[in-house]
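Note that the sequence shown covers residues -26 to -1, 1 to 330 in mature numbering (1 follows the signal peptide of the UniProt record, and there is no 0).
C-beta atoms are modelled at their ideal positions from N, C-alpha and C, and glycine is treated no differently.
The structure displayed is predicted, hence computed values, not measured ones.
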Amino acid sequence: MTSRRLFSKALLSTVATCALGGAAIAAEPAELRESALDYFEVIPSMVPAIEGNAVTREKVELGKMLFFEPRLSASAIISCNTCHNLGMGGDDNLETSIGHGWQKGPRNAPTVLNAVFNEAQFWDGRAEDLKAQAKGPVQAGVEMASTPERVVTVLKSIPEYVDHFKTAFPGEDDPVTFDNMAKAIEAFEATLITPASRFDQFLEGNDTIMTETEMTGLELFIDTGCASCHNGVNVGGTGYYPFGVVEKPGSEVLPPDDKGRFAVTQTASDDYVFRAGPLRNIALTAPYFHSGKVWDLEQAVAIMSSSQLGAELSKNEVKAITAFLQTLTGQEPQVTYPILPVSSTDTPKPAAMIAN
């Protein structure tokens, strides 16, 4: 039997017999770190590069303005920040977001923090990158209810925006385009990373930054199989998996009319398949799951263990894993709310907030 298996058995025994209270874990932190590094990566402190879209200062500044710009919506009320609030963990902390005409969206809004590290965007992965993602809500009738043509008209009607686009996209004959709007937002969102979580510091060699309970939770997270789907730099955000591998949760948690990735691929095997949710900053982003029906993180852990792994974890094991998940909260970016340029007489007037 490998030393890692011996460690796991001893650690699980500690969980069972000591109820997580004051007992030392069964191995040195270095052993646990070595095991964890097989699955996880540290969030870098530097902004990652984006293929085909250089993250320049000018582009980021424009993208920040556009991220907070409500005039991208037909009503001139809803911005990207409405559903991905940077002061609330990068989402809106609602079951599902409220959009144009006060319509309720079909799914919980994922956090925009660290979204640059996801394999694809949205719960069903229908957007291949942040640029594609930025275009979707602007055009969705249930969200911002605008069109590419209206967006370009709005931006070209505001001279200050025209100047910003020329600076951010130098050398282009017509820089104010819907595609460039999305590129600028993508560049800004690439800066919304949360490094230096206590878990990252542990991975980098700090033996004392996590408590014994949190380290117990990390080992359980690995050994029960959670890390087989929730891994990598974002502790998830890659790969597609059925929700309910072993046992489907109730219809409230898993609405029967939302078949997940099937809507993208039209493949029967993708029924109720969703992208593995990234778990970075999970403590900030309740409620949970694509339905947004679970508000308690311990309950979410228990549901996942039974539905995905077929494991009925004890109350103390659930608490330990939840404690580990708390260590994934990183240092959030400090974003100054931008002063947006004033509309001109040519700027389209806001549409009434009624459903299309």
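Quiz item: Beta carbon of Asn255, beta carbon of Leu87: below 8 angstroms?
Solution: Their beta carbons are under 8 angstroms apart, which means Asn255 touches Leu87 by this criterion.
Quiz prompt | One or two residues paired with Phe248 in a DSSP bridge | solution = DSSP lists Tyr215 as partners of Phe248.
Quiz item: Does DSSP classify Gly234 as helix, strand or coil?
Solution: Three-state result, Gly234: strand.
Quiz item: Is the Cβ of Val309 closer than 8 angstroms to any Cβ of chain C?
Solution: Structure shown: chain C not included; a single protein chain is present.
Practice problem: Please say whether Val292 and Val275 have beta carbons closer to each other than 8 angstroms? | Solution: In terms of Cβ geometry, Val275 and Val292 form a close pair [threshold 8 angstroms].
Practice problem: With DSSP collapsed to three states, give me the class of Ile196. | Solution: The answer is helix: DSSP assigns Ile196 an H, G or I state.
Quiz item: Going by DSSP, which residues form a beta bridge with Ala101?
Solution: In the DSSP output, where bridge partners are listed per residue, Ala101 has Gln95.
Quiz item: For Gly26, does the count of other Cβ atoms within 10 angstroms reach 16, so buried, or fall short, so exposed?
Solution: Exposed, since its Cβ has fewer than 16 Cβ neighbours within 10 Å.
Quiz prompt | CA nearest to the CA of His283, picked from Val128, Asn92 and Pro216 | solution = Just to set this straight, residue 283 is Leu in the shown sequence, not His. Looking only at Val128, Asn92 and Pro216, the smallest Cα-Cα distance to Leu283 is reached by Pro216.
Practice problem: Give a single yes or no on whether His138 has its beta carbon closer than 7 angstroms to a heavy atom of the ligand ZN. | Solution: Questions concerning the ligand ZN fall outside what the structure shown contains, since it holds no ligand whatsoever.
Practice problem: Could you tell me which of Cys203, Thr303, Gly234 and Ala242 sits nearest to Ser167, measuring between CA atoms? | Solution: Residue identity differs from the one stated: residue 167 is Ile in this sequence, not Ser. Taking Ile167 as reference, the option from Cys203, Thr303, Gly234 and Ala242 with the minimal CA-CA separation is Thr303.
Exercise. List the endpoints of the continuous alpha helix (DSSP H) containing Cys57.
Key: Element bounds for Cys57: Cys54 to Cys57.
Exercise. Any chance you could list the beta strand (DSSP E) runs of at least 3 consecutive residues sitting entirely within the region 4 to 48, in chain order?
Key: Whole beta strand (DSSP E) segments, 3+ residues: zero.
Quiz prompt | Residue interval of the alpha helix (DSSP H) (run including Tyr135) | solution = Run containing Tyr135: Pro133 to Ala142, per the alpha helix (DSSP H) assignment.
Self-check item: Pairwise C-alpha distance: Ala285 and Val220
Solution: Approximately 9 angstroms, taken between the alpha carbons.
Quiz item: Under the three-state reduction of DSSP, which class applies to Val112: helix, strand or coil?
Solution: If DSSP states are grouped into helix, strand and coil, Val112 belongs with the helices.
Quiz item: Where are the alpha helix (DSSP H) runs, 4 residues long or more, that stay fully inside the region 250 to 282, in chain order?
Solution: The DSSP assignment places complete alpha helix (DSSP H) segments of no fewer than 4 residues inside the region 250 to 282 at 271 to 282, in order along the chain.
Quiz prompt | Ala326 to Val112 span [Cα, whole Å] | solution = The alpha-carbon atoms of Ala326 and Val112 are separated by roughly 16 angstroms.
Quiz item: What's the C-alpha gap between Val21 and Phe152?
Solution: Rounded to whole angstroms, Val21 to Phe152 spans 24 angstroms at the Cα level.
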